[in-house]
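S.K.: Chains U and C, in that order, give the protein sequences.
With our numbering, the residue at position 191 of the first sequence is 191, and numbering never jumps.
With our numbering, the residue at position 170 of the second sequence is 508, and numbering never jumps.
Don't be surprised by glycine CBs; every beta carbon is placed ideally from N, CA and C.
Got a structure for you, written out below as structure tokens; questions coming shortly.
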Amino acid sequence: MPGIVEVEDLVKEFRAFERREGLLGALADLFSRQYRTVRAVDRISFEIRPGEMVGYIGPNGAGKSTTIKMLTGILVASGGTIRANGYIPWKERTKYASTIGVVFGQRTQLWWDIAVVESFQLLRKIYNVSESDYKTRMKRFDEILELGRYLHTPVRKLSLGERMRCDVAAALLHSPPLVFLDEPTIGLDIVAKEHIRQFLKDVNHHSGTTILLTTHDLSDIEELCPRLMIIDHGRLLFDGGLKELKRLFWRDSALKVDLKDREEADRLGALELDGVEKQRLDDMSYRLRFPRDQWTAAGVIRRVVNAAEVRDIVIEEQSIEEVVKRIYLGEMFQESRP
Amino acid sequence: MRRHVSLLAQYFIQYSKVRLAYRGDFIISVVTTIGATLFGIAVVWLIFKGAPRVAGWTFYEIVFLYGFSLLPMSVFNMLSINLYYFSEIYIVEGKFDRVLLRPVNSLFQILFEQFRLEALGDTVLGLFLIVTCARRIGLELGAGDWLFIAAATVCGCLIYLAIFLLLTCISFWMEDRVGVIPPVYNMLTFGRYPMDIYNPFIKFLLSWVVPFGFATYYPTAAVLKQDEFRIYAWLMPVVTVVFGALSLFVWKRGVRNYSSTGS
Chain U
1 MPGIVEVEDL VKEFRAFERR EGLLGALADL FSRQYRTVRA VDRISFEIRP GEMVGYIGPN
61 GAGKSTTIKM LTGILVASGG TIRANGYIPW KERTKYASTI GVVFGQRTQL WWDIAVVESF
121 QLLRKIYNVS ESDYKTRMKR FDEILELGRY LHTPVRKLSL GERMRCDVAA ALLHSPPLVF
181 LDEPTIGLDI VAKEHIRQFL KDVNHHSGTT ILLTTHDLSD IEELCPRLMI IDHGRLLFDG
241 GLKELKRLFW RDSALKVDLK DREEADRLGA LELDGVEKQR LDDMSYRLRF PRDQWTAAGV
301 IRRVVNAAEV RDIVIEEQSI EEVVKRIYLG EMFQESRP
Chain C
339 MRRHVSLLAQ YFIQYSKVRL AYRGDFIISV VTTIGATLFG IAVVWLIFKG APRVAGWTFY
399 EIVFLYGFSL LPMSVFNMLS INLYYFSEIY IVEGKFDRVL LRPVNSLFQI LFEQFRLEAL
459 GDTVLGLFLI VTCARRIGLE LGAGDWLFIA AATVCGCLIY LAIFLLLTCI SFWMEDRVGV
519 IPPVYNMLTF GRYPMDIYNP FIKFLLSWVV PFGFATYYPT AAVLKQDEFR IYAWLMPVVT
579 VVFGALSLFV WKRGVRNYSS TGS
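The following block contains the structure:
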């Protein structure tokens, strides 16, 4: 099956104008300008298959939004190709636009001053959605997103969570096979987040909609996306499943050990454990961090139990956040570039 | 095409709803627009009343020209509001993203997402001045004349749109808020007076560089002075098409160059 999105060697460069400081600097800028070329997206390639849900993550300024903007046809790539839904997004923009749905969490797509339902009606006409399709879809949207209560409120009076639900519904009104969401859960409370996630799951499940979303909230990924891509400095660092990510990057594990008393704790402190990093948490407990290629949890536990009297041991699961944070910090992708 | 016509109606209805949501604002804006127009007429009256003839034009001919100039101007004003603020609203705030995400021609959206309906007050006023002055001059306006006036209104409006679209496009390449639109907007009023009062350079400018003369002066002269200006009447659609095509071309290039905002 061919990809619904095919991206090859995608590059985007911006020519940034460097402003000089102060009033004199501003004057100087009038006459001669200094430009600097910034490569926001640097030779990215990937493919998304129909029905996939893919998370696209990376620190601020990594190039996520720029990628999304090229994928949605807003920006023209400086190099490389995109083929999505059979179109080159920026070349056949209007045709392509009717086959995708887009949500920008930071900015609403709805008309600010009029009631939500009026925006929906206008979108219905823009996207040529029949009255009966519109009704069925609105009913389904309402079941999960609970839009009914504020359908007649102007967008500017909605809370962020309410607005986002409307924005997501608006993007899916024409039932596009391909949907891009740029930080759809940003700034939302837990309930609103849950609504949005539930909705996306439902759409993906029932309509087979392909979804690409960016987020800073990794629980979005854990709940929604079997596959994630990590980008930083414009380059794709990782493309694979969550499990694979952990397997590749989860280098060491940790045990939290509670001991019987202070003396026992000191005894553990004195124990020779090659390669294990010991961190004293308080009088009677330690955290032991060990590299997984050298130790197994069982091996460490055996040594500890033999050496000191232990009351409790907890194996600390390394969170996906921890893994990703360390990738962002540049600690762990030297040899594991996929 | 049919879809765009029906969409235009939708956009218009949408706009009306927004305007009605702010009733007070709408009423004030209608009143001030009418006030500004009446003031404009008063100025013409004061300036030209004393002089019986200006550059070979009688008082009523000048007011006729003034009335004529209001027609393309008012239609342009009704449609151009988003061009005027394009740089600020669409480029700097990044609202153009939303435009590009919709399966509708981008320029269509910019022009028709907002109107300034109160500008149509000037259309009525312009027609009134044309009819009144024609009677005073002793000019019989037949169906053919009215057809020509309608065509001139369309061409004039398109010329204005083309010029301001070209200026608007600058903001695709220069991020700074460009201050070139207001002064050129003020130049629109140059077309309200007989062009022979200007020095040759400005006359050339208004004819061939920023062809506002083709929106107002030349068609009026063609109606009032007939033969002498017939050639300009024929040039009017040519100028319209040339500048219209040029502006569309530059707009397309501009959209490709659009760089959006940071997030």
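Relative to chain C, which residues along the region 158 to 175 of chain U have a C-beta separation below 7 Å, given in chain order?
M.R.: Within the region 158 to 175 of chain U, no residue qualifies.
S.K.: Give the straight-line distance between the Cα atoms of H195(U) and L271(U), rounded to the nearest whole angstrom.
M.R.: Distance between the alpha carbons of H195(U) and L271(U) is about 51 Å.
S.K.: In whole angstroms, what separates the C-alpha of D29(U) from that of F17(U)?
M.R.: For D29(U) and F17(U), the distance between alpha carbons rounds to 9 Å.
S.K.: Against G73(U), what residues of chain C qualify as contacts under a CB-to-CB distance less than 9 Å, listed in chain order?
M.R.: By Cβ distance, chain C contributes L438 and L439.
S.K.: Taking Cβ positions only, does V579(C) come closer than 7 Å to chain U?
M.R.: So, not an interface residue.
S.K.: Kindly indicate the opening and closing residues of the alpha helix (DSSP H) around R149(U).
M.R.: R149(U) -> no alpha helix (DSSP H), and no H or E assigned at all.
S.K.: Is the Cβ of K91(U) closer than 7 Å to any Cβ of chain C?
M.R.: No - not a single Cβ of chain C is within 7 Å of the one on K91(U).
S.K.: Quick one: grab the DSSP three-state call for L382(C).
M.R.: Note on identity: in this sequence residue 382(C) is Val, with Leu being the wrong assignment. In the structure shown, V382(C) sits in a helix (DSSP, three-state: H, G or I).
S.K.: From the DSSP output, which residues share a beta bridge with L236(U)?
M.R.: L236(U) pairs with I231(U).
S.K.: Does DSSP put W395(C) in a helix, in a strand, or in coil?
M.R.: Looking at W395(C) - three-state DSSP - the assignment turns out to be strand.
S.K.: Sort out for me which residues DSSP pairs M53(U) with in a bridge.
M.R.: Beta-bridge pairing links M53(U) to I211(U).
S.K.: Buried or exposed for K590(C), please, with buried defined as at least 16 other CB atoms from any protein chain shown within 10 angstroms of its CB.
M.R.: The residue is exposed, with fewer than 16 neighbouring Cβ atoms inside 10 Å.
S.K.: What residues in the region 472 to 503 of chain C have a beta carbon less than 9 Å from any beta carbon of chain U?
M.R.: Here the close residues number zero.
S.K.: Nearest to M416(C) by CA position, among L496(C), F542(C) and T578(C), is which residue?
M.R.: Measuring from the Cα of M416(C), the nearest candidate turns out to be L496(C).
S.K.: Please tell me whether K296(C) has its Cβ less than 7 Å away from any Cβ of chain U.
M.R.: The structure shown does not extend to residue 296(C), since chain C spans only 339 to 601, so no value can be given for it.
S.K.: Rounded to whole angstroms, what's the CA-CA distance from V369(U) to W90(U)? Just pull it up for me.
M.R.: The structure shown does not extend to residue 369(U), since chain U is modelled only from 1 through 338, so no value can be given for it.
S.K.: Could you have a look at K12(U) and say whether DSSP puts it in helix, strand or coil?
M.R.: It is a strand residue.
S.K.: Taking a contact to mean a Cβ-Cβ separation below 7 Å, would you say L288(U) touches V305(U) in this structure?
M.R.: Cβ distance not < 7 Å, so L288(U) and V305(U) don't count as in contact.
S.K.: Please report the Cβ distance between G63(U) and V41(U), rounded to the nearest whole angstrom; I am assuming they are in contact, meaning their Cβ atoms lie under 8 Å.
M.R.: About 5 Å; that satisfies the 8 Å criterion.
S.K.: Kindly list the residues whose CB is nearer than 8 Å to the CB of R19(U), restricted to its own chain and excluding five residues on each side of it in sequence; keep chain order.
M.R.: Around R19(U): G25, A26 and D29.
S.K.: Output needed for G464(C): all residues of its chain with C-beta closer than 6 Å, excluding positions within five of it in sequence on either side, in chain order.
M.R.: The answer, listed in chain order, is G405, L408 and L409.
S.K.: Compute the beta-carbon to beta-carbon distance between F581(C) and A500(C), rounded to the nearest angstrom, for a pair I have assumed lies under 8 Å.
M.R.: About 4 Å; that satisfies the 8 Å criterion.
S.K.: Is it buried or exposed, Q34(U), if we count other Cβ atoms within 10 angstroms and call 16 or more buried?
M.R.: That one is exposed.
S.K.: With a cut-off of 7 Å, does the C-beta of L224(U) fall near any C-beta of chain C?
M.R.: It does not; no Cβ of chain C falls within 7 Å.
S.K.: Give a yes or no on contact between the region 364 to 371 of chain C and the region 450 to 463 of chain C, applying the rule of three or more CB pairs nearer than 8 Å.
M.R.: Yes, the region 364 to 371 of chain C is in contact with the region 450 to 463 of chain C.
S.K.: From W111(U) to H342(C), what does the alpha carbon distance come to, in whole angstroms?
M.R.: Approximately 19 Å between the Cα atoms of the pair.
S.K.: Between L467(C), F502(C), I427(C) and L421(C), which has its C-alpha nearest T375(C)'s C-alpha?
M.R.: That would be L467(C), whose Cα lies nearest to the Cα of T375(C).
S.K.: Which two residues bound the contiguous alpha helix (DSSP H) that contains D167(U)?
M.R.: Unbroken alpha helix (DSSP H) run through D167(U): L160 to A171.
S.K.: Can you say whether Y531(C) is buried or exposed, counting buried as having 16 or more other CB atoms within 10 angstroms of its CB?
M.R.: Counting Cβ neighbours within 10 Å, Y531(C) comes out buried, since at least 16 surround it.
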